[in-house]
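Input: a single structure, listed below in structure tokens.
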Amino acid sequence: MVQKLVLRDEIVKVKGRVKVITVKKGEFDKILKSVKLRILDKEYEALMPPLDGMKKNTIDVNGLATLIQQYLPMLNYYSGNSKASSPAQMVLTTQSGTVVFSYTGSTNPNSQGVIVYLQALQEGGNYTFQYFYVGFDTTNSSYTTSNLELYASAELSCYSGNLYTGLIRIAYTSASFTKTSDSYLFIVWLIEFQNVPSYLVYFTPILQNIAGVAPNCLGTDYAIHFDNGSCNFTCGGNCPSAGCNVNNANNACGFIVYVQNNNVILEIPTTAPIGAGVQSVEMLLCVTTSFNNMPTISGSVTTTLTPPVSGATFYIALVTITITYVGS
Numbered sequence: 001m002v003q004k005l006v007l008r009d010e011i012v013k014v015k016g017r018v019k020v021i022t023v024k025k026g027e028f029d030k031i032l033k034s035v036k037l038r039i040l041d042k043e044y045e046a047l048m049p050p051l052d053g054m055k056k057n058t059i060d061v062n063g064l065a066t067l068i069q070q071y072l073p074m075l076n077y078y079s080g081n082s083k084a085s086s087p088a089q090m091v092l093t094t095q096s097g098t099v100v101f102s103y104t105g106s107t108n109p110n111s112q113g114v115i116v117y118l119q120a121l122q123e124g125g126n127y128t129f130q131y132f133y134v135g136f137d138t139t140n141s142s143y144t145t146s147n148l149e150l151y152a153s154a155e156l157s158c159y160s161g162n163l164y165t166g167l168i169r170i171a172y173t174s175a176s177f178t179k180t181s182d183s184y185l186f187i188v189w190l191i192e193f194q195n196v197p198s199y200l201v202y203f204t205p206i207l208q209n210i211a212g213v214a215p216n217c218l219g220t221d222y223a224i225h226f227d228n229g230s231c232n233f234t235c236g237g238n239c240p241s242a243g244c245n246v247n248n249a250n251n252a253c254g255f256i257v258y259v260q261n262n263n264v265i266l267e268i269p270t271t272a273p274i275g276a277g278v279q280s281v282e283m284l285l286c287v288t289t290s291f292n293n294m295p296t297i298s299g300s301v302t303t304t305l306t307p308p309v310s311g312a313t314f315y316i317a318l319v320t321i322t323i324t325y326v327g328s
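Take the sequence shown: its letter number 152 is residue 152 in my numbering, and every next letter is one higher.
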């Protein structure tokens, strides 16, 4: 008998906010201010517009699903696109077509671009990843917009060379404003992955950013263990595993990504044999995510699975870790 059981049913909240600022050219220095952002226990300075009055945007759940579908194989199998993707783009729909701001490392006069700052915070054992996309147009161009789109990509650092997802739309919003030839335009867009437990950091895409924070394949791994009653039931112990080997594409736990009810669902299935007379089985998920320019994050979670009462003498439990990415 095959019984589907849920190891964990987790929620990751993905939120977005956006703000548009147009100022006269002489007021440039009044808009961009130096602020301190944190990467856990370290601070760095960023040049950003004020964040008050930001308005809700729409998270593109189909784009987010595509991002996750491309990101996880890079982590699991160390395979993917080795050609660098641009870290970010903003696409502005105007009365005469589109205007595209592409990634740049700084705000320059008479130019257009996007800078991506990251802030990583820890509180109560959970992590929040905040991405500040600062778009700017300091040229003499003029246009009226009706819509804004935000495109992002994620990155993995590995000994064989960095890997990248594509440049994928993750958010959009209606925005009606006019940039004149004697004004500067700034767009600040905040994307947050909120309250992520340590054992879910591995499954949360880390987007390219100016701080150079990226997962490093060395030391990044996850495993699912079962307690057979006679083993050391800890991470790094000798309990039987689910057969996952995330560094081997031929013997890795697979995953399923789909969109349901305007949410992105990630399922990681595996199997657990449950013998005759067994009333429950203890399972342990162990996760370690190593980073460039940020400390390693490790976590674990355990749960008890209780199969239904049945006349069957042997179960194969199809166990899933289900993660729901709720966009708002």
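Note that CB positions come from ideal geometry on N, CA and C, so glycine has one too. The structure displayed is predicted, hence computed values, not measured ones.
**Prompt:** Per DSSP, what kind of secondary structure is THR139 in: helix, strand or coil?
**Reply:** Here residue 139 corresponds to residue number 139 of the sequence shown, with the count starting at 1. Coil.
**Message:** Please identify the residue among VAL18, ILE321, GLY327, SER183 whose C-alpha is closest to the C-alpha of LEU148.
**Reply:** Working through the sequence shown from its first residue, we reach residue 148 at position 148. Of the listed residues, the one whose Cα sits closest to LEU148 is VAL18.
**Item:** Cβ neighbour criterion (16 or more within 10 Å) applied to THR304
**Value:** Position 304 of the sequence shown, counting from 1, holds the residue named residue 304. Exposed, because fewer than 16 other Cβ atoms sit within 10 Å of the Cβ of THR304.
**Asked** Exposed or buried, ASP182, counting other C-beta atoms within 10 Å across all chains shown (16 or more means buried)?
**Response** Locating residue 182 in the sequence shown gives position 182, counting from the first residue. Exposed, since its Cβ has fewer than 16 Cβ neighbours within 10 Å.
**Prompt:** On the three-state DSSP scale, how would you describe GLN69?
**Reply:** Looking up residue 69 in the sequence shown gives position 69. Helix, per DSSP.
**Asked** In terms of alpha-carbon separation, which member of SER290, ALA242, LEU37, SER298 lies closest to ILE405?
**Response** Examination of residue 405 is not possible in this model, given that the chain is present from 1 through 328 alone.
**Prompt:** If you run the structure through DSSP and keep just helix, strand and coil, what is ILE265?
**Reply:** For the purposes of this step, residue 265 is identified with residue 265 of the sequence shown, where counting begins at 1. ILE265 falls in the strand class under three-state DSSP.
**Request:** Would you mind giving the Cβ-Cβ distance between ASN292 and ALA175, rounded to the nearest angstrom? I have them listed as a contact below 8 Å.
**Result:** Your numbering for residue 292 matches position 292 in the sequence shown. Your numbering for residue 175 matches position 175 in the sequence shown. ASN292 to ALA175, Cβ: 34 Å. No contact.
**Message:** Taking only three categories from DSSP, how would you classify ILE31?
**Reply:** Numbered from its first residue, the sequence shown carries residue 31 at position 31. If DSSP states are grouped into helix, strand and coil, ILE31 belongs with the helices.
**Message:** Under DSSP, the beta strand (DSSP E) around ASN292 begins and ends at which residues?
**Reply:** Counting from one through the sequence shown, the residue named residue 292 turns up at place 292. 281-292 is the span of the beta strand (DSSP E), which, as asked, contains ASN292.
**Asked** Does the pairing of the segment 187-197 with the segment 62-78 give three or more beta-carbon distances under 8 Å?
**Response** no
**Asked** Going by alpha carbons, who is nearest to GLU27 out of GLU43, VAL259, GLY135, PHE186?
**Response** Position 27 of the sequence shown, counted from the start, is the residue given in the question as residue 27. Here the closest residue by C-alpha is PHE186.
**Asked** Using the beta-carbon count (16 or more within 10 Å), is VAL20 buried or exposed?
**Response** On the sequence shown, residue 20 is found 20 positions in, with the first residue counted as 1. So VAL20 counts as buried.
**Request:** Leaving out five residues on either side along the sequence, give the residues of the same chain with a beta carbon under 8 Å from the beta carbon of SER96.
**Result:** Position 96 of the sequence shown, counted from the start, is the residue given in the question as residue 96. If we look at SER96 and ignore the five residues flanking it on each side, its Cβ neighbours are TYR143.
**Message:** Quick check: the Cα distance between LEU67 and ALA152, rounded to an integer number of angstroms?
**Reply:** Your numbering for residue 67 matches position 67 in the sequence shown. Your numbering for residue 152 matches position 152 in the sequence shown. Near 9 Å, if we compare the C-alpha coordinates of ALA152 and LEU67.
**Integer-rounded CB distance, given that ILE115 should sit under 8 Å from THR104** = Stepping through the sequence shown from its first residue, residue 104 is reached at position 104. Stepping through the sequence shown from its first residue, residue 115 is reached at position 115. About 7 Å; that satisfies the 8 Å criterion.
**Message:** I need the DSSP call for TYR159, collapsed to helix, strand or coil.
**Reply:** The sequence position of residue 159 within the sequence shown is 159, counting from 1. Of the three classes helix, strand and coil, the one that applies to TYR159 here is coil, per DSSP.
**Message:** Going by C-alpha to C-alpha distance, which of PRO269, SER141, THR302, THR107 sits closest to VAL281?
**Reply:** In the sequence shown, residue 281 corresponds to position 281, counting from 1. Ranking PRO269, SER141, THR302, THR107 by Cα distance to VAL281 puts THR302 first.
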